[in-house]
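Take our numbering: the final residue in the sequence shown is number 768, and no numbers are missing along the way.
The beta carbon of each residue, even a glycine, is placed where N, CA and C say it ideally should be.
First up is the structure itself, then whatever we jot down about it.
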Amino acid sequence: MNRAIILFFLLGTVFTVAPSAGQHSSATSITATVDPTKTWNTWDGWGSSLAWWARAIGGTRNANLYADLIYTTSDISVAEEKYPGLGFNIARYNVGGGGIKEPLERKSTQMPWFRDIHGYWTNPYSPMTDYASDWNWATDANQRSMMFMARDRGANLFEMFSDSPMWWMNENHSSSGSDGGGDCLNPAYSKRFAIYLSTVARYARDHWNIDFRSVEAFNEPSPGWWKFPGRQEGCHFDLSTQRTSLAELRSALDTVGLRDVLAVGSDENSVDDALSTWNNLDDRTRLQIGRINVHGYFAGTEPYRGAERELLSAAAAGASKPLWMSEYGDGDASGLTLAQSILLDVRGLHPKAWIYWQPVEPEGSGWGLINADYVDTDDQANGEITTPFVRVNRKYFVLGQFTRYIRQGFKIIDIDDPNSMAAYDDQTHRLVIVTLNSGIEKCVKYDLSRFTHIGSKFTGIATTIAPGHGVPDWKLRRDGPWTINELKKKRFWSRFYPNTIQTFLIDGVYE
Numbered sequence: 258m259n260r261a262i263i264l265f266f267l268l269g270t271v272f273t274v275a276p277s278a279g280q281h282s283s284a285t286s287i288t289a290t291v292d293p294t295k296t297w298n299t300w301d302g303w304g305s306s307l308a309w310w311a312r313a314i315g316g317t318r319n320a321n322l323y324a325d326l327i328y329t330t331s332d333i334s335v336a337e338e339k340y341p342g343l344g345f346n347i348a349r350y351n352v353g354g355g356g357i358k359e360p361l362e363r364k365s366t367q368m369p370w371f372r373d374i375h376g377y378w379t380n381p382y383s384p385m386t387d388y389a390s391d392w393n394w395a396t397d398a399n400q401r402s403m404m405f406m407a408r409d410r411g412a413n414l415f416e417m418f419s420d421s422p423m424w425w426m427n428e429n430h431s432s433s434g435s436d437g438g439g440d441c442l443n444p445a446y447s448k449r450f451a452i453y454l455s456t457v458a459r460y461a462r463d464h465w466n467i468d469f470r471s472v473e474a475f476n477e478p479s480p481g482w483w484k485f486p487g488r489q490e491g492c493h494f495d496l497s498t499q500r501t502s503l504a505e506l507r508s509a510l511d512t513v514g515l516r517d518v519l520a521v522g523s524d525e526n527s528v529d530d531a532l533s534t535w536n537n538l539d540d541r542t543r544l545q546i547g548r549i550n551v552h553g554y555f556a557g558t559e560p561y562r563g564a565e566r567e568l569l570s571a572a573a574a575g576a577s578k579p580l581w582m583s584e585y586g587d588g589d590a591s592g593l594t595l596a597q598s599i600l601l602d603v604r605g606l607h608p609k610a611w612i613y614w615q616p617v618e619p620e621g622s623g624w625g626l627i628n629a630d631y632v633d634t635d636d637q638a639n640g641e642i643t644t645p646f647v648r649v650n651r652k653y654f655v656l657g658q659f660t661r662y663i664r665q666g667f668k669i670i671d672i673d674d675p676n677s678m679a680a681y682d683d684q685t686h687r688l689v690i691v692t693l694n695s696g697i698e699k700c701v702k703y704d705l706s707r708f709t710h711i712g713s714k715f716t717g718i719a720t721t722i723a724p725g726h727g728v729p730d731w732k733l734r735r736d737g738p739w740t741i742n743e744l745k746k747k748r749f750w751s752r753f754y755p756n757t758i759q760t761f762l763i764d765g766v767y768e
């Protein structure tokens, strides 16, 4: 019996190391070659938007629990279980457009309380020069509280985004869509909208110890579905309005001394929409955009499976613009759709960051990585109220296969398997490979021969997405680190159960 088979049985794991394919099972075998000479980008990180879940949870007594799960990599105890934190380092703050019992505001009766994000510029009659009395900096306390918890746990990239201008800036006095689905923003308040965003960003730096890296004025601006009475805040911006708003935002940020803050655009719903918008912006507007943001949907909330990722990536690269996948979510609680989407995005779009929409959702939703029962605290801290924890969905563990190990500053490098992602850290000399098997059992041979040196320390982590029928129930199966001499031959094997995702950590790697 060769050493690879001995390792297989002694370690009791799916991970194997061997010099040749002939020594393994009859499962389908493929080879994946990692090429460190082809670097796609340097990774900014993983993250989530705040918005609704932070509005719901940030003021409750156990908000720290949810912050620990999302923004640390520690093992977090919940009841009798331990969950590995996801380690997000990016938080997107949703600056609101809603009011608090404003008599002139048109509130949508279709919008749940946790989606009603209150804004700061409360007096529609105030002159633009008034900074104090017409602004309510105490509002939106819960979302800010969660943002501060994220910061205190190590999150270091913050973006501010708007779903809608302040209600009184819109033609119909609502932050939940226009009456017909067209432009919402009253042109008379276009400059005030830019001043609103820049003022909040400046105040955050001066008073909250939050430096927003970027400000986004739009959220899916092109579709015509933002109609009153909507179920959430939303605002349509025609292309001409986008051009005006981006120019005014850049000017407003510069005016308050935030020249280092990026004005980003346009956070379209799909890659197709983003490419169309970019192609139809004039050169002057493109120069004012510091980064391209895009969402990972199609026709609403379906995961994007179109063919234009590489075209948008090429457009961004041609204009020397970084790109973020700034919002993605899906209703598949197993995590399979999520993992497929990450790999499609990383390999085709080449973003520098990948951001989930709402990590915590109410019970009954497969969108959440975590399910919890939201409790209304009237948007204020309430130490008497607890947010009941329901469950951690399988997709939480699937996402953690990426987020816990591929960290900010890693280089995303080429691997010639469409179901894999590779990252390398030249500070710690660690190579990370994540592979998804969404089909039948197979063996993957990893060829690392293009590195000059490979160490012998090797760790494997596995999550089974659909346990049962001979597939073990592994939420987080960790084996190693092992010292395996065969790695000196710059190759290793792993057997994959059906619907399994595995992460491999190889140390002592030099390009």
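Around the beta carbon of histidine 726, a 10 Å sphere encloses fewer than 16 other beta carbons of the protein chains shown; the residue is thus reported as exposed. DSSP places methionine 417 inside the beta strand (DSSP E), whose first and last residues are 414-419. Ranked by Cα distance from alanine 719, the options Thr709, His710 and Leu733 are led by Leu733. For valine 691, the uninterrupted beta strand (DSSP E) segment begins and ends at 687-694. In the DSSP assignment, methionine 582 falls within the unbroken beta strand (DSSP E) covering 580-585. The beta carbon of arginine 500 sits closer than 6 Å to the beta carbons of Thr542 from its chain, once the five residues preceding and following it are set aside; these are given in chain order. Collapsing the DSSP output to three states places serine 306 in a strand. Alanine 451 is positioned such that its CB atom lies closer than 8 Å to that of serine 502.
With respect to alanine 680, isoleucine 663 sits close: the two C-beta atoms are nearer than 8 Å. Cβ neighbours of asparagine 676 within its own chain (closer than 8 Å, five residues either side excluded): Leu600, Thr692, Leu693, Asn694 and Ser695.
Each residue's CA atom was taken as its position, placing threonine 740 and isoleucine 670 some 25 Å apart.
When secondary structure is reduced to three states using DSSP, glycine 725 falls in the strand class. The residues Trp483, Lys484, Phe485, Gly487 and Gly491, in chain order, have a CB closer than 6 Å to that of glycine 434 in the same chain once the five nearest residues on each side in sequence are set aside. Taking a C-beta distance under 8 Å as the contact criterion, arginine 312 and glutamate 416 do not qualify as a contact pair. Under the three-state reduction of DSSP, methionine 368 is assigned to coil, being neither helix nor strand. Annotated three-state conformation of valine 518 is coil, per DSSP.
Proximity of the stretch 744-756 to the stretch 704-712 meets the contact definition, three or more beta-carbon pairs being nearer than 8 Å. Using a Cβ distance threshold of 8 Å, proline 645 and alanine 629 count as a contacting pair. Look at the stretch 375-461 and you find these whole runs of alpha helix (DSSP H), each 4 residues long or longer: 398-409 and 447-460. Take the alpha-carbon of tyrosine 323 and the one of valine 632: they are about 14 Å apart.
A Cβ-Cβ distance of about 5 Å is found for the pair serine 455 and valine 513, placing them in contact under the 8 Å criterion. Between threonine 330 and glycine 344, the beta carbon gap of about 4 Å places them in contact (Cβ cut-off 8 Å). Around the beta-carbon of aspartate 420, 16 or more other beta-carbon atoms lie within 10 Å, marking it buried.
Annotated three-state conformation of leucine 762 is strand, per DSSP. Between alanine 573 and glutamine 545 the beta-carbon gap is near 15 Å, outside 8 Å, which marks them as no contact.
Going by beta carbons, tyrosine 554 and serine 527 fall inside the 8 Å limit. Ranked by Cα distance from leucine 626, the first of Thr294, Gly304, Pro293 and Thr290 is Gly304. Fewer than three pairs of CB atoms, one per stretch, sit closer than 8 Å, so the stretch 591-606 makes no contact with the stretch 356-364. Of Gln400, Gly438 and Pro381, the smallest CA-CA separation from methionine 426 is found for Pro381. The DSSP-derived three-state label of lysine 358 is coil. Exposed is the label assigned to tyrosine 767, since fewer than 16 other Cβ atoms lie within 10 Å of its Cβ.
If you look at aspartate 540, you'll find it in the alpha helix (DSSP H) that goes 540-545. Per the C-alpha coordinates, the member of Arg372, Pro755, Gly356 and Tyr703 positioned closest to leucine 593 is Pro755. Restricting attention to Pro619, Asp495, Tyr561 and Ser431, the CA atom closest to the CA of proline 360 is found in Ser431.
Under DSSP, isoleucine 642 forms no beta bridge with any residue. If you compare the alpha carbons of Leu307, Leu442 and Pro444 with that of leucine 414, the shortest gap goes to Leu307.
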